[in-house]
Ligand code: HEM
């Protein structure tokens, strides 16, 4: 009898230890180490949709050994993103270029290292022309070169030329390392390819993020097969060597009185701070910052431009309307500058609607918290991975009329002026971790869009439609990048 009571008590204790604490946000809990695990990506997304519908505005999911919290309401997401307690990023390899290195660069570092490098980068991006006109000429040049490539493709059915992406690499590279390449240069194509490969393999990288214990239980070969660890190491080594070479060249040719670019500025400041015990500056930190700017600034901008081309081809009336406004403000193909933004509100409204409708980040970039926090009537436990549901927020019927319809006019007022959304829009995040490249990205997209629309038009291939559904690679909603379109020269 005594043994039965003991077994019963033991089961009770284990049950209590394993069950989900009641104060946590609602959602599936599953079993220890595995969590709740639906097989297949489709099942994952369908389950998320069900949970959003059932538990709006906040729900949780224990996935692997991580506790995920999803925030689907704009006001709550704003509260979380602006809250200092949620300013940290989790140490996830899928948002980290250099595996295993914890406090490095901007996107995944935390604490003083993050604070210092973010502040430094923002300041120097401004000095280098972000938000001002200095970088405009470099963006104009890349846009013009891209248009020349597009004109050559005119009349043929083919995918968007790869130069759309290498042009963005060029802008970043000029800002960071003062280098410009031919859009077909082998080095620039290979960097673009490496960055794409990194992104395409995010799913594999995530295995070790969510199931970190696999490192200890799986044989090396199986671990490699599932997580593509060796491929990832080779890839990041290549990226590292490339940027290291740039840093070394800059050290060898540095003129303290004449900084040329971001790397020079960093090296000069690092030297100034060399005796400061609070300095977090190092060549490693610089390497991380450069890699982050490419990782965060390349695919995002290039994918948004690809989406723009597909939306233009899909909606010819919107395309024509944009061209009419552009032609009247910039006759004879005059180059767009930042001053034209307020005079081309339809363009601003168009790409804001693209950012909303396509919602590149399904769940934004994750945040985490170093302590238990009471939030929205629940407890968010220490170490939880918190995701703002970007797409859900961008499709909230309380904020947007018929959100599923692509309608740039929703961002124009009765006088046709652009109205920047204050509610229900988090394409660039918010708060202390808000995207540092927003002004640059907006500038690039504006100048590329106007320049392209001045010279060419986009159409679906004859007797075909443009594919508008997205390929969801877990955190990113990307279009069918390789689909064919028809480009026609306007003149
Ligand atoms: C259409 C283009 C872009 C989109 C949609 C985008 C979106 C985002 C989002 C959603 C975040 C997370 C913000 C948060 O947690 O609240 C972010 C962070 C970041 N973005 Fe962007 N971004 C774009 C372009 C760029 C560019 C051009 C750069 C740099 C050259 C850049 C650099 C960064 C960096 C470094 C972070 C991390 C900031 C931190 O953790 O402190 N992004 N971006």
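Numbering (my numbering), first residue to last: 1 to 491.
We put the beta carbon where it would ideally sit given N, CA and C, even for glycine.
With contacts defined as CB atoms closer than 9 Å, residue 160 and residue 456 fail to qualify as a contacting pair. Taking 8 Å as the cut-off, the C-beta of residue 173 does not count as close to any heavy atom of the ligand HEM. Boundaries of the alpha helix (DSSP H) around residue 224: 220-227. The nearest non-hydrogen atom of the ligand HEM is less than 8 Å from the C-beta of residue 438.
Residue environment analysis places residue 424 among the buried positions, since at least 16 neighbouring C-beta atoms fall within 10 angstroms of its C-beta. Collapsing the DSSP output to three states places residue 66 in a strand. With a threshold of 16 other beta carbon atoms within 10 Å, residue 187 falls short and is exposed.
As the crow flies, the alpha-carbon of residue 43 is around 43 Å from that of residue 151. Going by C-alpha positions, residue 441 is about 26 Å away from residue 71. Between the ligand HEM and residue 296, a heavy atom-to-CB distance of less than 8 Å is present.
Taking a contact to require three or more Cβ pairs closer than 8 Å, the stretch 257-272 and the stretch 205-225 do not qualify as touching.
Annotation: the continuous beta strand (DSSP E) that includes residue 387 extends over 385-388. Taken in chain order, the unbroken stretches of alpha helix (DSSP H) that lie wholly in the stretch 319-388 and span 4 residues or more are 345-358. Annotation: residue 335 to residue 196 spans about 30 Å, alpha carbon to alpha carbon.
Boundaries for residue 486: no alpha helix (DSSP H) harbours it, while the beta strand (DSSP E) harbouring it runs 484-489, taken from the DSSP string. For residue 77, the CB contacts under 7 Å within the same chain, skipping 5 residues up- and downstream, are 71, 388, 393 and 426 in chain order. In this structure, residue 431 has its CB closer than 8 Å to one or more heavy atoms of the ligand HEM.
For residue 61, DSSP records a beta bridge to 68. Beta-bridge partners assigned by DSSP to residue 159: 484. For residue 279, no alpha helix (DSSP H) segment is defined, and its DSSP state is neither H nor E.
For residue 262, the enclosing alpha helix (DSSP H) starts and ends at 262-272. Shown here for residue 168: same chain residues with a beta carbon closer than 6 Å to its own, the five before and five after excluded, namely 298, 301 and 302 in chain order.
For residue 35, the beta-bridge partners assigned by DSSP are 31 and 63. Secondary structure at residue 457: strand, using DSSP grouped into helix, strand and coil.
Within the same chain, Cβ atoms closer than 7 Å to the Cβ of residue 344 are found at 325, 326, 329 and 450, the five residues on either side in sequence being excluded. Taking a cut-off of 8 Å on C-beta distances, the stretch 390-408 does not touch the stretch 109-129, as fewer than three cross pairs fall below it. Of the residues 3, 341, 283 and 243, the one whose Cα lies closest to the Cα of residue 136 is 341.
Between the ligand HEM and the CB of residue 365, the shortest heavy atom gap is smaller than 8 Å.
Residue 466 and residue 354 have their C-alpha atoms some 15 Å from each other. For the pair residue 191 and residue 262, the CB atoms are not nearer than the 9 Å cut-off. Note that the C-beta distance between residue 207 and residue 217 is not below 9 Å. Note that the stretch 431-440 touches the stretch 82-89; at least 3 beta-carbon pairs, one per stretch, sit closer than 8 Å. Under DSSP, residue 285 shares a beta bridge with no residue. Linking residue 312 to residue 346 through their CA atoms gives a straight-line distance of about 13 Å. Check the Cα spacing between residue 121 and each of 390, 246 and 176: the tightest is with 176.
Sequence-distant partners of residue 142 (beyond 5 residues in either direction) whose C-beta falls short of 7 Å from its own C-beta, in its chain, are 167, 170 and 171.
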